[in-house]
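Student:
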Ligand SMILES: C[S@@+](CC[C@H](N)C(=O)[O-])C[C@H]1O[C@@H](n2cnc3c(N)ncnc32)[C@H](O)[C@@H]1O
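Residue numbers (this note's numbering): 6 to 386.
(1) Beta carbon of residue 343, beta carbon of residue 360: below 8 Å?
(2) I need the straight-line Cα distance from residue 198 to residue 180, nearest angstrom please.
(3) With DSSP as the reference, label residue 207 as helix, strand or coil.
(4) Tell me the residue span of the alpha helix (DSSP H) that contains residue 285.
(5) Using DSSP with H/G/I as helix, E/B as strand and the rest coil, what is residue 219?
(6) How about residue 201 and residue 176: do their beta carbons lie closer than 8 Å?
(7) Mind checking which residues open and close the beta strand (DSSP E) that includes residue 139?
(8) Residue 120: beta carbon under 7 Å from a heavy atom of ligand 1?
(9) Which residues in the same chain have their Cβ closer than 7 Å to the Cβ of residue 385, if we skip the five residues on either side of it in sequence?
(10) For residue 146, I'd like the list of residues in its chain whose CB is within less than 6 Å of its CB, leaving aside the five on either flank, ordered along the chain.
(11) For residue 153, which residues of its own chain have a beta-carbon under 8 Å away from its beta-carbon, when the five flanking residues on both sides are left out?
(12) In whole angstroms, what is the alpha-carbon distance linking residue 208 and residue 339?
(13) With residue 237 as the anchor, note down where its beta strand (DSSP E) starts and where it stops.
(14) Between the alpha carbons of residue 189 and residue 89, how many angstroms are there, rounded?
(15) Applying the 10 Å Cβ sphere with the 16-neighbour rule, what's the burial state of residue 109?
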């Protein structure tokens, strides 16, 4: 009979769920065996030379049932890629984790999509070494991961984290969410809602969104939030090489976010806005493409005020859409101010289109004839 991978997986393995081992019964050709082996490896099975079987960390029967129901391609449907030690080393050395919570009795910590608990374990070990107490609660959508964590004594609940109701009770969030295009930003946004006002979130993120040049609300949000604490971390020289995470080939970075309140306090501060506009002005001056567009408009005598404003709005939209490592410091919420800044600088005669003219100062006839104005106290008398 011709070899069929799924028949073999279903009917021709000895699966010992207690010992967490799988033995392949039939004698297969090298080519067919290699397919079975690849699939068992993808499920997390490791070849044990001494026992001549595959050892699993998780219950192999559940994994096999999953492959049979969803197919091997969707085996990793929840995007499980555990955080390796070298990434946590960065957390320890280059983020505020190196001192965070040192003066507290304990640090209430959340891991929103904890997988097999790799980050949690590394954090707890760090806490032991440092004499700091991290009280960690975790979530994961995949029941297999949750059972695995619970069996080793971690406080982990099975849930879709995006549906967990936020409580602002958390000091520290460490995470490496499922990336899945912009899905990871939804996880970060939701996680931030759990932070106390002085809390901190440290996350692994993919870096592709930085250079993607699209107008996406979540992307703008992350640019704003990440640059408060982490603008340098979004420089391409600081990324982790593709391959840092086993089984995935994309560059990643570590970023830190503050709580919603702290971020909002900074982003709405006058000084911050002034700096953001200065950065924008500098960018426009140095960007020859923008400069040439503005210069051409200035030379064009046929163009009217409305057309000028519209073109400038398009220029700003484009700059913000293209936002990447170069312009990481630009903030989408200041769009109107950026437009105004260009109009003020290049077309001051059209500023009235954006800022309503102030009510003209009423000429006082008394002033005109040099008669001193009557004071309030004189009127009262
Ligand atoms: C990239 S792995 C990281 C695992 C873990 N954070 C670590 O650092 O080792 C992403 C994890 O997110 C989990 N996950 C995916 N979607 C989720 C959701 N909506 N809610 C909770 N966990 C989710 C996956 O099961 C997977 O374990």
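Just so you know, even glycine gets a beta-carbon here, dropped at the ideal spot from N, CA and C.
Tutor: Let me spell this out:
(1) Your numbering for residue 343 matches position 338 in the chain shown. Your numbering for residue 360 matches position 355 in the chain shown. For residue 343 and residue 360, no; Cβs fall outside 8 Å.
(2) Position 193 of the chain shown, counted from the start, is the residue given in the question as residue 198. Position 175 of the chain shown, counted from the start, is the residue given in the question as residue 180. Taking the straight line from one Cα to the other gives about 14 Å.
(3) Within the chain shown, the letter at position 202 stands for residue 207. If DSSP states are grouped into helix, strand and coil, residue 207 belongs with the strands.
(4) Your numbering for residue 285 matches position 280 in the chain shown. Residues 275-291.
(5) Against the chain shown, residue 219 aligns to sequence position 214. Residue state, collapsed to three classes: coil.
(6) The count along the chain shown starts at 1 and reaches residue 201 at position 196. The count along the chain shown starts at 1 and reaches residue 176 at position 171. In this structure, residue 176 lies closer than 8 Å to residue 201 by Cβ.
(7) Translated into positions along the chain shown, residue 139 becomes position 134. Unbroken beta strand (DSSP E) run through residue 139: 139-145.
(8) Working through the chain shown from its first residue, we reach residue 120 at position 115. It does: the Cβ of residue 120 is within 7 Å (strictly closer) of some heavy atom of ligand 1.
(9) Your numbering for residue 385 matches position 380 in the chain shown. Confidence at residue 385 is low in this model, with a pLDDT of 42, below 50, so the placement of that residue is unreliable and no value is reported for it.
(10) Within the chain shown, numbered from 1, the residue matching residue 146 stands at position 141. Same-chain partners within the cutoff: 83, 165.
(11) Start at 1 with the first residue of the chain shown, and residue 153 comes out as number 148. Cβ within range, chain order: 62, 63, 121, 122.
(12) One-based indexing of the chain shown puts residue 208 at position 203. One-based indexing of the chain shown puts residue 339 at position 334. Whole-angstrom Cα-Cα distance: 26 Å.
(13) Numbered from 1 along the chain shown, position 232 holds the residue referred to as residue 237. Residue 237 -> no beta strand (DSSP E), and no H or E assigned at all.
(14) Residue 189 sits at position 184 when you count from the first residue of the chain shown. Residue 89 sits at position 84 when you count from the first residue of the chain shown. For residue 189 and residue 89, the distance between alpha carbons rounds to 18 Å.
(15) The residue given as residue 109 occupies position 104 in the chain shown. Result: exposed.
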